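Mind the numbering: the sequence shown is residues 35 to 137 in our numbering, read in order. Ideal placement from N, C-alpha and C gives every residue a C-beta, glycine not left out. Nothing here was measured: the structure is a model prediction, and the numbers come from that model. The structure appears right after this line, and notes come after that.
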Amino acid sequence: MSDPHAVLNNLKVSGNLPSMPQVLVRLIDACHQPEVDLQKVARIVSKDSTLTAKILQLVNSAFIGARSAFIDVRQAVIYLGADTVRNLAVSISVQQVFRRVET
């Protein structure tokens with residue numbers, strides 16, 4: 035586990051946070067539309083292999099408890115819903131940003 039003070043110090047030294055990945059920006063935008071198009075969300079997710087793997091890992095986990103295994107990201111996105119997919123994407127991106135800041 036990283037020292038939070040060291041991470042904050044690195045941020046102060048560098049002066050800024052890295053920008054959000056373009057996939058995340060597009061995903062957040064798609065999820066905030068009045069009528070969320072889950073097919074579009076799935077297409078955006080499929081552009082990022084890490085996000086795709088994490089979504090499939092989550093939907094197939096005991097925590098979710100789905101009755102059958104999912105291998106298609108489109109089906110997984112529809113099953114989980116836009117909010118869950120967006121929240122997972124944001125969490126993954128934040129983790130990646132802080133890993134880069136630590137080094």
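Nearest-angstrom beta carbon gap, residue j and residue i [assumed within contact, 8 Å]
i	j	result
LYS88	LEU61	The pair is not a contact, with the Cβ atoms about 13 Å apart (cut-off 8 Å).
VAL57	LYS81	5 Å
SER127	PRO55	6 Å
ILE98	LEU92	6 Å
Best match in the options for proximity to residue i [C-alpha to C-alpha]
i	options	result
GLN20	LEU92, LEU85, ALA64, ALA100	Nothing in the structure corresponds to residue 20, since the chain is present only between 35 and 137.
Specify whether the stretch 70–78 and the stretch 100–114 touch according to this definition: at least 3 beta carbon pairs, one from each stretch, less than 8 Å apart.
yes
Contact between the stretch 115–129 and the stretch 64–72 is defined here as three or more beta-carbon pairs at a separation below 8 Å; is this criterion met?
yes
Along the chain, which unbroken stretches of the alpha helix (DSSP H) at least 4 residues long are found entirely within the stretch 42–122?
56–65, 72–79, 83–93, 107–114
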